[in-house]
Amino acid sequence: MKLEHNFIASLDIGTTNVRCIIYDQSGKIKAQSRSCVQLLITQPGFVEIVAEKLWETVLDVIYNSVGVANIKFEDISCFGLSCQRNSFMLWNKNTGKGYHNFIAWNDIRAEEIVDKENSSIKMKIFRLFSRGLFFITRNPRFLLGSMYKLTNAQIAPRLLWVITHNHQVANDLCKDSVAFGTIDTWLLYKFSGKKLHVTDVSNASATGLFDPFLLTWSYWPFKLFGIPMKMFPNIVDSAGHHFGSVDKSIFGVPIPLCCSIADQSASLIGSGCFRWGDTKVTLGTGTFLNVNTGDQPHTSFNGLYPLVAWKFNEELVYMAEGASNDTGVVLQWAQRLGLLDDLKDSEDMAYSAKDNHGVYFVPAFSGLQAPINDATAATGFIGLKLTTLRPHLIRAILEGIVYRVFHLFQSFYDETDFNPRCIRLDGGVSGNEFVSQILADILNLTVKRSESEEISALGAAFLAGLSSGFWKEKQELYSLMGCYHTFYPRKPYVDYYNEEFGKWCKAVDRFTKWN
1 MKLEHNFIAS LDIGTTNVRC IIYDQSGKIK AQSRSCVQLL ITQPGFVEIV AEKLWETVLD
61 VIYNSVGVAN IKFEDISCFG LSCQRNSFML WNKNTGKGYH NFIAWNDIRA EEIVDKENSS
121 IKMKIFRLFS RGLFFITRNP RFLLGSMYKL TNAQIAPRLL WVITHNHQVA NDLCKDSVAF
181 GTIDTWLLYK FSGKKLHVTD VSNASATGLF DPFLLTWSYW PFKLFGIPMK MFPNIVDSAG
241 HHFGSVDKSI FGVPIPLCCS IADQSASLIG SGCFRWGDTK VTLGTGTFLN VNTGDQPHTS
301 FNGLYPLVAW KFNEELVYMA EGASNDTGVV LQWAQRLGLL DDLKDSEDMA YSAKDNHGVY
361 FVPAFSGLQA PINDATAATG FIGLKLTTLR PHLIRAILEG IVYRVFHLFQ SFYDETDFNP
421 RCIRLDGGVS GNEFVSQILA DILNLTVKRS ESEEISALGA AFLAGLSSGF WKEKQELYSL
481 MGCYHTFYPR KPYVDYYNEE FGKWCKAVDR FTKWN
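Counting from 1, position 427 in the sequence shown corresponds to residue 427 in the UniProt record's numbering; the numbering is continuous, with no gaps.
Set out below in structure tokens:
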């Protein structure tokens, strides 16, 4: 039986795992392989990924998945790539050698730079100037500039830290021999045999250095912070033939690279959120709320980000994103603290307590993002009593995670005519039945949780398949998305959790402006 070109390989680089999944034309998983991302914590706040170890892991999971599928590389129609955003590295254009490890998106080494730049005179002048231009022109680009603030997750502060502390980088920048790349850019560089230096619009738009209105690198932050634009990659569509093929020397045959897309954008596609207003929530290491805003970027007053979801052929789709950085990491912290023996126990422990016993938890290890936007916010419990037990604490933690999601939804409700019919839910923490159910309750919406944990990989496969002709049109994809577990709002709990949210907001007030 001839198998040639009957499969798509999707590579997903997450914060904690690297996966390669082989899909057949029915969208079913033929085989998959997974390995951990090895994070290097060199000192408090410094989170790195060793580039060559990541490359070895990528090759391992690809070879393993092909082996498990019992197919040949010739049987793979094309590759799709989904990557975590904003982890970056600099390398020498001539030698290909990195100047340092990847600096991960959740690294906070540049915190002093963030604080200094945000309170600087030049930043205040820039915001004031942008506000004036918006008042005159009503152009939403200037509204975005008037509220601009650096965060640790953006590229600029960590890149400034590297340029300041790595003298070889500073020297080689003068010679125009330094290349910048996020993980997607570097993998495309490696897969192409060091020929490509590109990033797609979805990855570029998350950097904080991209203009979502003009779809190019934004001139002003480069000028404002003195960052050389010439080391940055070209920006391309999320799918198409411009990525070329995997170099023949890697797998023995040239395999077309048809898609490279950011993980949350891929998750939006994998969840079937193709239409305006379609909404998905990812509960993983962090929380991401993404809303398809069609062909127009959403400019927010509360720190929600207008991002490019994907660009393919003539289709350009934007999404609005709200994020909370502390989700899965909170449960891991609770386990290290001894509140949990196993992460899977959290659901049963939460249900074993009839309520939170007046205890509220604010998850803010990385501060509080939109709509509060307070980097100084502290994490903590409030309302502890002598009668407080472990199940009350775990329940408070899980409720705190859900309240942060609801907070993000409130921002969308306040700023738009956003009125979703249901919510798509994915990510590791969504596997917790307690969390999924009270999310449905507090939102008073149907929540459809994917039975698959590999939504980003599926989204990259879908886009690669549409680009290569493996699948013909989007309508074909709806039938390939697999099963959902549906959670319906329970009427008695809708009002209850909305009242509880009000009490939680009072707890938040106690933990903000901590420094």
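Where a beta carbon is used, it is the ideal one built from N, C-alpha and C, also for glycine.
Own chain residues within Cβ distance below 8 Å of residue i, not counting five before or after
i      : result
Gly45  : Asp107, Ile108, Arg109, Glu111
Phe126 : Gly145, Tyr148, Trp220, Leu224
Asn118 : Lys149, Leu150
Val50  : Gln38, Leu40, Asn101, Phe102
Strand pairing of residue i, partner residues [DSSP]
i      : result
Arg336 : None; Arg336 has no bridge partner.
His485 : Arg449
Leu304 : According to DSSP, Leu304 bridges with nothing at all.
Val66  : Answer is none; Val66 lacks a bridge partner.
Lys513 : Partner(s): none; Lys513 has no beta bridge.
Ala262 : Cys83
Trp276 : According to DSSP, which records beta bridges pairwise, Trp276 is partnered with nothing at all.
Trp91  : Gly98, Ala179
Gly380 : Val362
Gly367 : Phe365
Asn234 : Val198
Straight-line gap, residue i to residue j (C-alpha atoms, nearest Å)
i      : j      : result
Leu39  : Ser450 : 28 Å
Phe361 : Ser192 : 47 Å
Ser271 : Leu307 : 17 Å
Asp441 : Gly383 : 23 Å
Thr512 : Asp374 : 7 Å
Pro221 : His357 : 48 Å
Ser177 : His165 : 18 Å
Lys344 : Tyr493 : 24 Å
Lys2   : Tyr63  : Low local confidence applies: a pLDDT of 49 at Lys2 is under 50, so the model's placement there is unreliable, with the coordinate-based value given in what follows. Looking at the two C-alpha atoms, the distance is approximately 21 Å.
Asn139 : Ile255 : 44 Å
Leu289 : Leu337 : 28 Å
Ala334 : Ser352 : 17 Å
Arg366 : Thr379 : The question names Arg, but residue 366 is Ser in the sequence shown. Looking at the two C-alpha atoms, the distance is approximately 9 Å.
Ile269 : Lys280 : 10 Å
Gly431 : Ser260 : 27 Å
Val508 : Gly502 : 10 Å
Asp24  : Cys422 : 29 Å
Gly80  : His298 : 28 Å
Phe487 : Ser218 : 42 Å
Val169 : Asp211 : 26 Å
Lys230 : Trp91  : 13 Å
Leu59  : Asp12  : 12 Å
Asp115 : Lys30  : 49 Å
Ser411 : Pro371 : 6 Å
Leu128 : Leu304 : 20 Å
Leu257 : His5   : 13 Å
Gln475 : Ile136 : 44 Å
Thr15  : Gln84  : 6 Å
Residues near residue i in its chain [Cβ-Cβ closer than 7 Å; skip 5 each side]
i      : result
Gly465 : Ile8, Trp471
Gly96  : Lys194
Gln296 : Tyr318
Phe434 : Glu347, Ala350, Tyr351, Leu398
Phe232 : Phe180, Trp217
Cys273 : Thr279, Lys280, Asn292, Arg424
Whole-number beta carbon distance between residue j and residue i, since they are thought to touch under 8 Å
i      : j      : result
Asn203 : Thr182 : 6 Å
Gly286 : Asn325 : 5 Å
Ser120 : Ser146 : The pair is not a contact, with the Cβ atoms about 16 Å apart (cut-off 8 Å).
Phe73  : Val253 : 5 Å
Trp504 : Tyr403 : 5 Å
Ala262 : Ala206 : 6 Å
Leu398 : Ala350 : 5 Å
Gly328 : Gly294 : Contact flag wrong, Cβ pair sits at about 30 Å.
Pro420 : Gly277 : 6 Å
Run of the alpha helix (DSSP H) containing residue i, from where it starts to where it stops
i      : result
Ser436 : 433-443
Ile21  : Careful: Ile21 lies outside any alpha helix (DSSP H), inside the beta strand (DSSP E) at 17-23.
Glu476 : 474-478
Lys344 : No alpha helix (DSSP H) contains Lys344, which DSSP labels as neither H nor E.
Ser411 : 390-415
Leu214 : Run containing Leu214: none; DSSP gives neither H nor E here.
Ala9   : Premise fails: Ala9 lies in the beta strand (DSSP E), 7-13, not in any alpha helix (DSSP H).
Arg424 : No alpha helix (DSSP H) holds Arg424; the beta strand (DSSP E) holding it covers 422-426.
Asn292 : Here Asn292 belongs to no alpha helix (DSSP H); instead the beta strand (DSSP E) covers 287-294.
Nonlocal neighbours in the same chain, by C-beta distance under 6 Å from residue i, ignoring five residues either side
i      : result
Glu315 : none
Glu500 : none
Distance cut-off 8 Å: residue i Cβ against heavy atoms of the ligand HEM
i      : result
Val178 : In terms of ligand content, the structure shown is empty, and the ligand HEM therefore cannot be addressed.
Element boundaries [beta strand (DSSP E), containing residue i]
i      : result
Glu315 : 315-324
Ala179 : 178-182
Ala460 : Premise fails: Ala460 lies in the alpha helix (DSSP H), 455-468, not in any beta strand (DSSP E).
Ser245 : Careful: Ser245 lies outside any beta strand (DSSP E) and carries neither H nor E.
Lys30  : 29-36
Leu40  : 39-43
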